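For reference, the structure is listed below as structure tokens.
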Amino acid sequence: MISSNLSTRNKTSWAVMKSSVYALIIRNLQQRFTMNASNKRIFDLLGIFLEPGVHVLVWTMIRVFRNQEIYNNLSLATFILLGTIPWLFTYNIFNSCSIIIAENRGLFFFRQIKPLDPVFALLITELGIMGLVFCSTLLVFSLLGIGWQIQDPLRWLTAVALYVLFIAGLGLFIAVSAFFIKYVKKTVKTFMRIMYLFSGIFFSAQMLPEQYKIYFALNPMFQFITISRECFSNSALEYNTFGDVFYLFKCATISMTLGLGMYTVFRNKLMIEIMEH
0 MISSNLSTRN
10 KTSWAVMKSS
20 VYALIIRNLQ
30 QRFTMNASNK
40 RIFDLLGIFL
50 EPGVHVLVWT
60 MIRVFRNQEI
70 YNNLSLATFI
80 LLGTIPWLFT
90 YNIFNSCSII
100 IAENRGLFFF
110 RQIKPLDPVF
120 ALLITELGIM
130 GLVFCSTLLV
140 FSLLGIGWQI
150 QDPLRWLTAV
160 ALYVLFIAGL
170 GLFIAVSAFF
180 IKYVKKTVKT
190 FMRIMYLFSG
200 IFFSAQMLPE
210 QYKIYFALNP
220 MFQFITISRE
230 CFSNSALEYN
240 TFGDVFYLFK
250 CATISMTLGL
260 GMYTVFRNKL
270 MIEIMEH
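According to numbering that gives the first Met the number 0, the sequence shown is numbered sequentially starting from 0.
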């Protein structure tokens, strides 16, 4: 009887969480895509699809003028796109997580909604949007005659799943810590701007001197970008030479443990702070 009651309670809690996350996803999509008379909203909507293209265009022009090779047997546009999308996804998640609990404070007065829910809703929303932008950009590449082909979809999808879990754990950690420590938001923004230069967005692992590769290999974003390029590469010689899926698995495990642990430890204090202010 006791186990039956616990099972029913767990199912009910899970159903409530799914409903809350689903409702928050719909709200997020409405905020991002619902058009109104505001020019800012229109420009924000256009920016979602144009921003990756701007990165691709700028770095492609720089490389063409400098006549640099990329060593991955990829078209230059595809090479840059595979670096830009992960960084934009990561930047959007971390930047939003640094204010997400404070911004949704009013929602937590409803007992069904927990501080965990907006973080997961944000993650799913951004993943869907970035997936749409990525596929749309590849479609434009095809229409423009820019060649691309994925050689190992299973390895790439595994890397995507692990990287998303890694970002989810860190995002949750940032969300909780930023609620209590105000300067976390500025720190996250500064850190992500620095990471733009050190995550392989506009250079490949093969371009790095051997003595520096070991340091770049510690960066999960660099690993994911490298794996993506290897999976899209047509060259068997360049395939699977640097990216490490198992390393992403370890990073995802540590990140989720850290994020969920942080949330579990401070959950009660979090709710007390929310209710008192």
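Beta carbons are placed, not taken as given, at the ideal position from N, Cα and C, and that holds for glycine. Please read all numbers here as calculations on a predicted model, not as lab measurements.
For the candidate residues N72, F78, L73 and D151, whose alpha-carbon lies nearest to that of G52? For the set N72, F78, L73 and D151, the Cα lying nearest the Cα of G52 is the one of F78.
Quick one: what's got a C-beta closer than 7 Å to C230's C-beta in the same chain, skipping five residues either side? Only I149, Q150, D151, R154 and W155 meet the Cβ criterion.
Reference V57, options S97, F245 and I200, closest by Cα: Taking V57 as reference, the option from S97, F245 and I200 with the minimal CA-CA separation is I200.
Is the segment 9-22 touching the segment 106-117, taking contact as three or more C-beta pairs under 8 Å? Output reads yes: the segment 106-117 touches the segment 9-22.
Does A36 pass the burial test, meaning 16 or more other C-beta atoms within 10 Å, or should it be called exposed? Low per-residue confidence applies at A36: pLDDT is 49, beneath 50, and the placement is therefore not dependable, though the value from the model is reported in the following sentence. A36 is exposed by the Cβ-count criterion.
Integer-rounded CB distance, given that L247 should sit under 8 Å from F223: Their Cβ separation, rounded to whole angstroms, is 6 Å, which keeps F223 and L247 in contact under 8 Å.
Excluding the five sequence neighbours on either side, which residues of its own chain have a C-beta within less than 8 Å of the C-beta of L207, listed in chain order? Result list for L207: F215, in chain order.
Which listed residue (F107, R26 and V163) has its alpha carbon closest to that of L87: The shortest Cα separation from L87 among F107, R26 and V163 belongs to V163.
Residues near F241 by beta carbon distance below 6 Å, same chain, minus five either side: Taking C-beta separations shorter than 6 Å and ignoring five residues to either side along the sequence, the partners of F241 in its chain run A204 and T225, following chain order.
Selected residue, minimal CA-CA separation from S74, among T59, T83, P85 and I84: The alpha carbon of S74 has as its nearest neighbour, out of T59, T83, P85 and I84, the alpha carbon of T59.
Note down, in chain order, each residue of its chain lying with its Cβ closer than 7 Å to the Cβ of S250, except the 5 sequence neighbours on either side. According to the sequence shown, residue 250 is Cys rather than Ser. Excluding five sequence positions before and after C250, the CB atoms of its chain that fall closer than 7 Å to its own CB belong to F165 and P219, given in chain order.
By the three-class DSSP mapping on this structure, what secondary structure does Y246 have? Per DSSP, reduced to three states, the secondary structure at Y246 is helical.
Within a Cβ cutoff of 7 Å, which residues of the same chain sit near E125, ignoring the five residues on either side of it in sequence? Excluding the 5 residues flanking it on each side, E125 has same chain C-beta neighbours closer than 7 Å at F88, N91 and I92, in chain order.
I think S97 touches I173, with their Cβ atoms under 8 Å apart; what is that distance to the nearest whole Å? Between S97 and I173, the beta carbon gap of about 6 Å places them in contact (Cβ cut-off 8 Å).
What would DSSP say about R110, mapped onto helix, strand or coil? R110 falls in the coil class under three-state DSSP.
Between which two residues does the alpha helix (DSSP H) containing W147 stretch? Note, W147: premise wrong, no alpha helix (DSSP H); not H, not E.
Under 7 Å between C-beta atoms of L170 and V118: Residue 170 is actually Gly in this sequence, not Leu. Yes, Cβ-Cβ distance for G170 and V118 is below 7 Å.
Which term fits V264, buried or exposed, when burial requires 16 or more other beta carbons within 10 angstroms of its beta carbon? Burial call: exposed.
Look at N284 and S232 and say whether their C-beta atoms are less than 7 Å apart. Absent from the structure is residue 284, since the part of the chain shown begins at 0 and ends at 276.
Taking DSSP as the reference, what is the three-state secondary structure of A216? DSSP, read as helix, strand or coil, puts A216 in coil.
Could you check what DSSP says for F182 in three-state terms: helix, strand or coil? The sequence given here has Tyr at residue 182, not Phe. Coil.
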